[in-house]
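To start, the structure under review is shown below, and the notes come after it.
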Amino acid sequence: MRISKLVPGFLIALLILSSVVIDTEVSASTLKEMEQKRNVYENKKVELNNGINNKVTELNTNESKVDEISGQIQALDTKFKETNDKISQVEDEISETTKEVEELHSSIAELEKRIEERDIVLRDRVRALQVNGGSVNYIDVLLGASSFSDFIDRYSAVSTLLDADKKIMEEQKADKDQLEVEKKLVETKLKEQEERKDELSSLKASLDSQKKEKAKLVDALKVEQKKLASEKANLEGELDEVYEISRAVELEIAAEQQRQIEAARKLAEEQERKEAAAKAAAEKQAAQAAKAAQASKPATQSKAPVTAAKPSSGGQSTQASKPAPPAPSMSGGNWTRPASGRFSSSFGYRTHPIHGGQRLHAGVDIANSVGTGIYAAGSGVVFRAGWHSSYGNHIMITHSINGKTYTTVYAHMTSLNVSVGQAVSKGQAIGTMGSTGASTGSHLHFELHNGTYSSSSAINPVGIVPL
């Protein structure tokens, strides 16, 4: 009769527990999807950041090209100005030479006039010679003198005429030579200046053409800069959106974790209530049994002889395979030892056995043979169960102990017996020991985290979990 009365209570407890497990599994499934979504957005962030960095590099490269070409344009401007100054200088020289030419033309006109006048005199002398038979007999002129005084006069006249003819001829020749020299000098100077002007004009045109080409290149680079800046701005805008979405996902994950923590709390409360109910029922049943035994006890009681048990006739067989190490004894309270074995490494900084260097060992190590059983250190909900490059096969469990949240980590396992979202009780078998991930031998790496799991939330489990 008492058993039938207890059945509804157990059914209600079972229904509540199953609802908690179902809700937790749904929550964990949702949490896993969110974490996958977060990983997608994290990868997108990396991709966008790489794209932005590439655009910045391209912008800097283009900016350097623009600066370089702008410097070349500035140098061309300087040469262009120098060439313009030289052209102006040559044009001034040409102007001066033109004035000189005009002055030479005046001088040449004077020379030509003198030459023409001398030509007239010389032509008159030639005509005089022709009239006199083609020659002038100066001796006859001298011998025809009537007196010595007349002879002297005649001699002076003849000498003067001879000297005049000679001087005229010399001057005529000198003027003609000077005319030729001055004409050639002016022509050469003008030619040189015109050639120099043409060279400078050609250089100016070349510089102008180079300047225009450089300007076109700068314009093209500026267009490219504008395009790259626009693409960079688009990537930054997209990155901002991804950050916003990522933040929203982080908030959703935090909310899901809180729901999971709440589920673990409800599970702990339900288990405590169930244990208390079972304990009360057991105490009540024991009290009733004791009372019934006391009532049926006879006045006198004889002692029954004690007989030794006889050994079995059949011999006991020995096991061929080595037995698995025994499970650690269950501790009272909220926590129990997660595995049997040798305490091989403590919490704190140490030289890493694989990577070297001083690193924080965020947990404790319990060494034993491969296949040694691993048990939940406390009641809770499985938060993660799977593979990690460092932890290897690992399990994370969220616990709610006296209203406070903890997370335990079990790493380097060879097998996993639970899945994400599953509710587990203290001392429940969750897997076996191994040496997966970054490990140098078979052992359990056990961590205790204050609150939800993070790289900075690990605390020393010694003194909290009986190890």
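Using numbering that gives the first Met the number 0, you'd call the opening residue of the sequence shown number 0 and step up by one each time.
Glycine included, each C-beta is placed from N, C-alpha and C at the ideal position.
- A distance below 8 Å separates the beta carbons of H411 and H444.
- From the listed residues N52, Q177 and S438, the smallest Cα separation to S344 is found for S438.
- N392 is bridged by DSSP to W386 and M412.
- Secondary structure at L466: coil, using DSSP grouped into helix, strand and coil.
- L220 and G50 have their C-alpha atoms roughly 20 Å apart.
- For M432, the enclosing beta strand (DSSP E) covers residues A428 to M432.
- Rounded to the nearest angstrom, the Cβ distance from M33 to V248 is 6 Å, consistent with a contact under 8 Å.
- Distance from the Cα of S454 is smallest, within the candidate group D218, S389, K64 and E240, for S389.
- Contact check for I107 against K182 passes: the beta carbons are separated by less than 8 Å.
- Scanning its chain for C-beta atoms nearer than 7 Å, with the 5 sequence neighbours on each side dropped, one finds around S339 the residues P324, P325, A326, P327, N367 and T371, in chain order.
- Non-local beta-carbon contacts of Q177 in its own chain, meaning distances under 7 Å to residues more than five positions away in sequence, involve L110 in chain order.
- For K403, the three-state secondary structure derived from DSSP is strand.
- When the five nearest sequence neighbours on each side are left out, the beta carbons in the same chain lying within less than 7 Å of the beta carbon of S330 are those of R336 and P465, in order along the chain.
- A distance below 8 Å between beta-carbons, with the five flanking residues on each side excluded, links V423 to the following residues of its chain, in chain order: A375, S378, G379, V380, V381, I396, V417 and I429.
- Cβ contact annotation for H387 (same chain, cutoff 7 Å, sequence separation greater than five): H393 and G436, in chain order.
- Secondary structure of R258 (DSSP, three-state): helix.
- Within the same chain, and ignoring the five residues on either side of R113 in sequence, the residues whose Cβ sits closer than 7 Å to its Cβ are D174.
- Under DSSP, L447 forms a beta bridge with T407 and I458.
- Sequence-distant partners of Y348 (beyond 5 residues in either direction) whose C-beta falls short of 8 Å from its own C-beta, in its chain, are Q357, R358, L359 and H360.
- According to the DSSP assignment, A366 belongs to the beta strand (DSSP E) that extends over V363 to A366.
- Here P460 is buried: its Cβ has 16 or more other Cβ atoms, across all protein chains shown, within 10 Å.
- Between L199 and V89, the C-beta gap is smaller than 8 Å, which places the two residues in contact.
- Boundaries of the beta strand (DSSP E) harbouring H360: Q357 to H360, taken from the DSSP string.
- The C-beta distance from I72 to A204 rounds to 16 Å, too long to fall under 8 Å, and the pair is not in contact.
- Restricting attention to R383, T96, T407 and E46, the CA atom closest to the CA of E193 is found in T96.
- Straight across, the Cα-Cα distance linking Q259 with A277 is about 26 Å.
- For V408, the closest C-alpha among the options D364, Q171 and E243 is that of D364.
- Within the same chain, Cβ atoms closer than 6 Å to the Cβ of I93 are found at Q192, the five residues on either side in sequence being excluded.
- In the three-state scheme derived from DSSP, where H, G and I count as helix and E and B as strand, R349 is classed as strand.
- Between Q209 and E62, the gap from beta carbon to beta carbon reaches 8 Å or more.
- Contact check for T82 against L184 fails: the beta carbons are separated by 8 Å or more.
- With at least 16 other beta carbons inside 10 angstroms of its own, L266 counts as buried.
- For R341, the three-state secondary structure derived from DSSP is strand.
- When rounded, the separation of the alpha-carbon atoms in W334 and T404 is 13 Å.
- In this structure, G433 places its C-beta atom within 8 Å of the C-beta atom of S441.
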